[in-house]
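Trainee: Structure incoming, see below.
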Amino acid sequence: DAMVIQNPRYQVTQFGKPVTLSCSQTLNHNVMYWYQQKSSQAPKLLFHYYDKDFNNEADTPDNFQSRRPNTSFCFLDIRSPGLGDAAMYLCATSDYGGETQYFGPGTRLLVL
Amino acid sequence: SQQGEEDPQALSIQEGENATMNCSYKTSINNLQWYRQNSGRGLVHLILIRSNEREKHSGRLRVTLDTSKKSSSLLITASRAADTASYFCATEGDFGNEKLTFGTGTRLTIIP
């Protein structure tokens, strides 16, 4: 089945230690999104790619970076995680922007 | 700023009853979508309603949209225990920038 895959499902890192979360899709969608979701809150868009075009949200901290080496893969890099970065990180895709988004299961990040 | 506000924040009903959730938003939209999120998981798309539509059905789901009031409602009929989840509305602005803005969510609990 076509799907969005996130690895790992759970990630524990130390304060200040760089961490990379990965997302892959078999849907061949043009657009890929990264969201941060804290407990009992709405998903907050960090950035998205339309093909290779990177679109950063104005309030996304510089600590968060992303790479999309090809259509199928997208990575979220957190350069120096702080305690406030502990959250669920959700990857999503859509064929055309603004239409239905397909989400992966998420990666829960814990910062010690 | 967050686009959507949902009401109520939490809702508990008996199995078999109907559940109604409301969403309000602030700016003009192209479409409004509803997503479900089971605890600790990714979001699942339920239904999309376009700005020129007033009502849409999908199985036990009924969505209405009132663009003059900038509001939408999601009705789940004949609720089941498996409907227990958080429900989010999300809007695509009419400036068509490929992004969705999520509401604050309603936590629905179905009591068997």
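Sequences listed follow chains A and B, in order.
Letter 97 of the first sequence, counting from 1, is numbered 97 in this note's numbering, and no numbers are missing.
Letter 25 of the second sequence, counting from 1, is numbered 1025 in this note's numbering, and no numbers are missing.
Backbone N, C-alpha and C fix where the C-beta goes; we use that ideal spot for every residue, glycine too.
So, is B/Asn1031 buried or exposed, given that buried needs 16 or more other C-beta atoms within 10 angstroms?
Mentor: Buried.
Trainee: Below 9 Å on C-beta distance, what does A/Val31 contact in chain B?
Mentor: Glu1098
Trainee: Let me make sure I understand the geometry here. Which of B/Gly1042, B/Leu1048, B/Lys1056 has the alpha-carbon closest to that of A/Pro105?
Mentor: B/Gly1042
Trainee: Hey, how far is the Cα of A/Val19 from the Cα of B/Leu1075?
Mentor: 41 Å
Trainee: Please report the distance separating the alpha-carbon of B/Gln1002 from that of A/Asp77.
Mentor: With a pLDDT of only 47 at B/Gln1002, under 50, the local geometry of the prediction cannot be trusted, and no value is derived from it.
Trainee: DSSP beta-bridge partners for A/Phe103?
Mentor: A/Ala92
Trainee: Assess contact between the stretch 1054-1064 of chain B and the stretch 41-56 of chain A, defined as three or more Cβ pairs (one per stretch) separated by less than 8 Å. Is contact present?
Mentor: no
Trainee: Where does B/Glu1055 land, buried or exposed, given buried means 16+ other C-beta within 10 angstroms?
Mentor: Exposed, by the Cβ-count rule.
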